[in-house]
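Trainee:
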Amino acid sequence: MEIKDEIEALRAELDRHNYNYYVLSAPTISDREFDEKMKHLQDLERAYPQYADPDSPTQRVGSDLSKEFQQVAHKYPMLSLGNTYSEDDVRDFYERVARSLDEPFEIVAELKFDGTSISVIYEHGKLVRAVTRGDGMKGDDVTANVRTIRSVPLRLIGDGYPEELEVRGEILLPWAEFDRLNAEREEQEEPLFANPRNAASGTLKQQNPAVVAARKLDAYFYYVLGDHLPSGTHWDNLQQARRWGFKISNAMRLCRSIDEVFDYINHWDTGRKNLPVATDGIVLKVNSLSQQQKLGATAKNPRWAIAYKFQAEQAETRLNSVSFQVGRTGAVTPVANLEPVLLAGTVVKRASLHNADIIKGLDLHIGDMVYVEKGGEIIPKIVGVDKKARGMMMGDEVRFIKKCPVCGTPLVRIEGEAAYYCPNDTSCPPQIKGRIEHFVTRRAMNINMGPETVEDLYEARLVTNAADLYELKISDLMHLERWAEKSARNLMESIRNSKNVPFVRVLYALGIRYVGETVARRLAVAFRSMEKLREATVADLLSVDDIGERIAESVRDYFSDERNIELVNRLKAHGLQMELPEEDRKQEDGKLKGLTIVISGTFAKHSRDEYKAIIERNGGKNSSSVSGKTDFILAGDNMGPAKLEKAAKLGVKIMNEDEFLKMLEA
Ligand code: IVH
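Note that the numbering used here has the sequence shown beginning at 1481, numbered continuously upward.
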């Protein structure tokens, strides 16, 4: 076979596997086989650059090029839908359509996905452009970012598609990814995303496609436009779009009566809670395109479609006070203290206020009756104020503080960020204590001490930074209240043991802003020692995979501060691990040596890929299928039923991620 043909065949094959995996969720080959094929294609493309193709599946990783978005006009305006909130409104819509058409009609009922809308344009079966809704007439060209979304086909499958095709849909951040991303941001003390919708649109507007690629967005499509469509009905066009490779929800239903519409609504009002992505209602559309045309549109909304919004779970309660917490990086987070209220099965006492802009937008006063909502977010949020409930005596307006609530230093706002910071990192107590607390956590140095001990040691001025821990003496501890010899010895031993903690975790323990566990690993592997990392320039740092400007500058800032250099030197003098051990590159005798492990499902603490890397680093072997050789299955949520059945039959042990991490920790 000609090389060119071989490359093309591989591309087509990989496209098909991507489609099976990301769209159908039904892979037909193992991840490993997939990776091998991908690697082979990459090698061929590297060897034969003359056959390069921007639509090749190898190009999905996102380049590091950042550019401003261009605005492009929509060929067909991107209308939004009229919203309704009650059964009566739905009935009105149905009757209005019936009256206007005066002939039989069908309604397609669909889920209303709660993400950010996108229009994708294909020419001769190739993705040429992806544009956001913008103002409906023109939007941002976010093609480079959308190309990284695995469920968006770069090339259509099969044939019969019109020369020019426009398909609209919703870009979403699945709940599991949203939770993972927020947990990561929480750890880094970055402002949390309020909901997956904000996270999705924020991600799509990222200037760096590599960041977008890492966030694992998904996309569902629900509207096909263009001349020469395959069918005269919306339903059939979507079915065809699915065959061309688009992800089309299976939750659609063709309704022939208003009762069927209500059945659908009632079913998904509760059923949606088990979906992997956020939905906020349902959409009803007249099926026949000619009937759609007859019904037409107003300036803003089509008359042939309507959205019915689900009632979000809401409660009303009193805002008692607002507190401002200072974290280890100095980030100040506002928290609303509420009169306890029952909401979606749990008692809510606190709600997130996110940042100064949100507080201002709400026009909050102490004592206000506020609406709290739980849209599936981790922390409930205040969505509005019941202004009618305000009496004559209105409480004080809630304002974001100007000075650090603990040390009094004027707060600063980093450009482009919503959060305020206390810049007094040397002597602001919560920052000092926070850094020590972070240093000792299980995933960092694993020193057995809680926040109260940190508090005691700090109050006694025995420990004001991480290095001081290694200079503690039993007698120091015995002088403190509540300390007996046994507990003092235990702590000393735990501190001593931490000297064996590997370099990666030492680096993470330093608490450099934006250097979480994943970044710490990347840096440790790239630079191999604290020494080398300290000497790295911003350019050196930027050359490492996944390290962008923000992280590079933060690392550079950290090591240009004399006090940090001194801290690191002292830690080194106390014998902490400051280099990547040779074995870390080729782990032969790790904790998982000789074990064959199958990963299945989705996880909260690490991605599947991270777990695979962890297994390999610890000497274990990843396998994609369950067999008699499998030692155990590392199972997340939604483990495949086939694997589950096979595991039960073979008596293979199933471990969840907490058990697994604990085993490694042991
Ligand atoms: S149809 C002309 N179908 O909801 C019809 N929209 O205001 C265009 N949405 O902007 C939209 N799920 O972002 C349609 N199944 C669905 C949808 C959906 C979510 C979003 C879309 C649109 C907004 C409606």
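We treat Cβ as the ideally placed atom computed from N, Cα and C, and that holds for glycine.
No experiment lies behind these values; they were computed from the predicted model shown.
In chain order, what residues of the same chain have a beta carbon less than 8 angstroms from the beta carbon of residue 2018, not counting five sequence neighbours either side?
Mentor: 2029, 2032, 2033 and 2036
Trainee: When burial is assigned at 16 or more other CB atoms within 10 Å of the CB, is residue 1778 buried or exposed?
Mentor: exposed
Trainee: Can you give me the C-alpha to C-alpha distance between residue 1524 and residue 1612, rounded to a whole angstrom?
Mentor: 35 angstroms
Trainee: Determine whether the beta carbon atoms of residue 1596 and residue 1680 lie at a separation below 9 angstroms.
Mentor: yes
Trainee: Could you tell me if the beta carbon of residue 1783 falls within a distance shorter than 8 angstroms of some heavy atom in the ligand IVH?
Mentor: Checking every heavy atom of the ligand IVH against the Cβ of residue 1783, none is found closer than 8 angstroms.
Trainee: Rounded to the nearest angstrom, what separates residue 1851 and residue 1864 at their Cα positions?
Mentor: 5 angstroms
Trainee: From this set, 1989, 1936, 1715 and 1687, which residue's C-alpha is nearest residue 1624's C-alpha?
Mentor: 1687
Trainee: Whole angstroms are fine: how far does the CA of residue 2085 sit from the CA of residue 2144?
Mentor: 14 angstroms
Trainee: Return the residue from the list 1664, 2060, 1746 and 1724 that minimises the CA-CA distance to residue 1637.
Mentor: Closest by alpha carbon: 1724.
Trainee: Rank 1833, 1805 and 1854 by C-alpha distance to the C-alpha of residue 1827 and give the top, closest one.
Mentor: 1854
Trainee: Suppose contacts are defined by Cβ-Cβ distances below 9 angstroms. Is residue 1842 in contact with residue 1830 by that definition?
Mentor: no
Trainee: Would you report the Cα separation of residue 1738 and residue 1918, rounded to the nearest angstrom?
Mentor: 57 angstroms
Trainee: Given residue 1544, which residues of its chain have a CB within under 7 angstroms of its CB, disregarding the five upstream and five downstream residues?
Mentor: Confidence at residue 1544 is low in this model, with a pLDDT of 41, below 50, so the placement of that residue should be treated as unreliable; the coordinate-derived value is given next. 1688 and 1690.
Trainee: Using the rule of at least 16 other Cβ atoms within 10 Å of the residue's Cβ for burial, across every protein chain shown, is residue 1906 buried or exposed?
Mentor: exposed
Trainee: Compute the Euclidean distance between the alpha carbons of residue 1752 and residue 1759, then round it to the nearest angstrom.
Mentor: 7 angstroms
Trainee: Taking the straight line between their C-alpha atoms, what separation do you get for residue 1500 and residue 1508?
Mentor: 7 angstroms
Trainee: Between the Cα of residue 1814 and the Cα atoms of 1791, 1940 and 1900, which residue gives the shortest distance?
Mentor: Nearest of 1791, 1940 and 1900 to residue 1814, Cα basis: 1900.
Trainee: Taking just the CA atoms, how far does residue 2101 sit from residue 2109?
Mentor: 11 angstroms
Trainee: Comparing the CB of residue 1565 with every heavy atom of the ligand IVH, is any distance shorter than 8 angstroms?
Mentor: no
Trainee: Look at the alpha carbon of residue 1704 and the alpha carbon of residue 1718, and state the distance between them as a whole number of angstroms.
Mentor: Computed Cα separation, rounded: 7 angstroms.
Trainee: Which runs of the alpha helix (DSSP H) spanning at least 4 residues fall entirely within the segment 1591-1624, listed in chain order?
Mentor: none
Trainee: May I ask whether a heavy atom of the ligand IVH can be found less than 8 angstroms away from the beta carbon of residue 1702?
Mentor: yes
Trainee: Beta-carbon within less than 7 angstroms of residue 1538's beta-carbon, same chain only, minus the 5 sequence neighbours each way: which residues are those?
Mentor: 1518, 1521, 1522 and 1525
Trainee: Return the chain-ordered list of same chain residues with a C-beta closer than 6 angstroms to the C-beta of residue 1573, the five sequence neighbours on each side being excluded.
Mentor: Closer than 6 angstroms at Cβ, skipping near neighbours: 1786.
Trainee: If we ignore side chains and look at the alpha-carbon of each, how far apart do residue 1707 and residue 1677 end up?
Mentor: 31 angstroms
Trainee: Among 1714, 1675, 1531 and 1658, which one has its Cα closest to the Cα of residue 1696?
Mentor: Ranking 1714, 1675, 1531 and 1658 by Cα distance to residue 1696 puts 1658 first.
Trainee: Answer with buried or exposed for residue 2208, where buried requires no fewer than 16 other C-beta atoms within 10 angstroms of its C-beta.
Mentor: Only positions 1481 to 2146 of the chain appear in the structure, and residue 2208 is not among them; the question remains open.
Trainee: Is residue 1870 near residue 1845, with beta carbons less than 9 angstroms apart?
Mentor: yes
Trainee: Taking DSSP's pairing of strands, which residues face residue 2101 in a bridge?
Mentor: 2076
Trainee: Note the first and the last residue of the continuous beta strand (DSSP E) segment covering residue 1677.
Mentor: No beta strand (DSSP E) contains residue 1677, which is instead part of the alpha helix (DSSP H) from 1676-1684.
Trainee: Quick one: is the Cβ of residue 1961 within less than 8 angstroms of any heavy atom of the ligand NAD?
Mentor: In the structure shown, the ligand NAD is absent; the only ligands present are the ligand IVH.
Trainee: Can you name, in chain order, every residue of its own chain whose Cβ lies under 8 angstroms from the Cβ of residue 2052, other than the five neighbours on each side?
Mentor: 2010 and 2058
Trainee: If I follow the unbroken beta strand (DSSP E) through residue 1832, where does it start and stop?
Mentor: 1826-1832
Trainee: What residues in its chain sit with their C-beta under 6 angstroms from that of residue 1484, if we drop five residues either side in the sequence?
Mentor: Excluding positions up to five away in sequence, the list reads 1531.
Trainee: Tell me whether residue 1634 is buried or exposed, calling it buried when 16 or more other Cβ atoms sit within 10 Å of its Cβ.
Mentor: buried
Trainee: Please give me, in chain order, every unbroken run of the beta strand (DSSP E) with length at least 3 that falls completely inside the segment 1999-2086.
Mentor: 2076-2080
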